[in-house]
Every structure is written in C-alpha cells, then in structure tokens.
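Using my numbering, you'd call the opening residue of the sequence shown number 2 and step up by one each time. For glycine and all other residues, C-beta sits at the position ideal for the given N, C-alpha and C. Encoded as structure tokens, the structure appears first; notes follow it.
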Amino acid sequence: MVIFFHISCSEDDTQITAELKTEVKELKVAVQLIQQQQNRTVQPFHVQEEFVIPEGVVLPVTDLPGLQKLEEELKSNKALQNHLVTSLSEKGGHNLRDVVRRMAKSLLTTPWYVN
C-alpha cells in the first residue's frame with residue numbers, strides 16, 4: 002500500500018526554498034575555493050636526513066685556511082650549498098643587523114675575522 006501526500010506550499014515558501022538552494026550552491030563554491038587555496042599553500046612536511054659536512058670543512062670557521070676550504074667545497078658541492086642556505090635562513094632575527102650577526106656567528110668565530 003502506497004500513500005501519497007501532497008503538501009501545499011505557498012509562493013513565499015517556494016521563494017525561500019529557491020533562495021536557500023542558491024545560498025547552498027554559493028557556499029559549496031566558496032568551500033571548494035578555500036580547499037583549492039589550502040591545497041596550494043600547505044606543503045607536506047618532509048623530514049630531512051641529517052646532513053654530514055664534508056671532511057676538512059669545520060663550522061664555524063676558525064681561520065683563513067678553513068674559510069678557503071669552505072669556499073672550495075661550496076664551489077663544487079651543491080648539497081653543501083643547499084644545506085648552508087637552509088641553515089642560515091633559519092637563523093632569523095629582529096632586524097637585518099641581528100640576522101647578519103646570527104649568520105656570521107654561525108659561520109665564523111670572533112677572534113680572527115674581527116681583526
């Protein structure tokens with residue numbers, strides 16, 4: 002046995018239903034745009050393997066021969082270049098002077114480069 006119901010809707014109810022449907026569609030579009038934006042900005046977290054500094058390179062540099070050895074390695078060792086750029090960029094600071102001071106401190110020891 003099947004029973005059919007007929008619910009009468011006024012014109013106002015029909016208009017409200019149409020408006021709600023339109024708003025739901027607009028919200029769906031907005032959610033899709035937000036999800037697309039999040040997918041572009043959120044990068045997956047990659048755990049980097051520990052980088053091993055090549056033999057003969059000592060950081061922070063303590064003397065001129067050590068600086069020359071670092072320069073030689075940087076010319077030919079792309080992995081060392083990337084490691085150094087990444088580690089230096091993570092130093093941070095409150096202003097440019099502070100950033101440069103922190104980077105220099107991690108690269109060079111004070112006694113010999115001040116003179």
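| Item | Value |
| --- | --- |
| Nearest candidate by alpha-carbon position, reference residue 62, set 71, 79, 33 | 71 |
| Residue 60 (DSSP reduced to helix, strand or coil) | coil |
| Cβ-based burial, residue 85 [other Cβ within 10 Å; buried from 16] | buried |
| Distance between residue 88 and residue 94 (C-alpha atoms, nearest Å) | 13 Å |
| Bridge-paired residues (DSSP) for residue 68 | Answer by DSSP bridge pairing: none, since residue 68 is not bridged. |
| Selection from 51, 15, 37, 98 that minimises the alpha carbon distance to residue 81 | 51 |
| Reference residue 78, options 28, 58, 106, 14, closest by Cα | 58 |
| Segment limits, alpha helix (DSSP H) that includes residue 78 | Here residue 78 belongs to no alpha helix (DSSP H), and DSSP marks it neither H nor E. |
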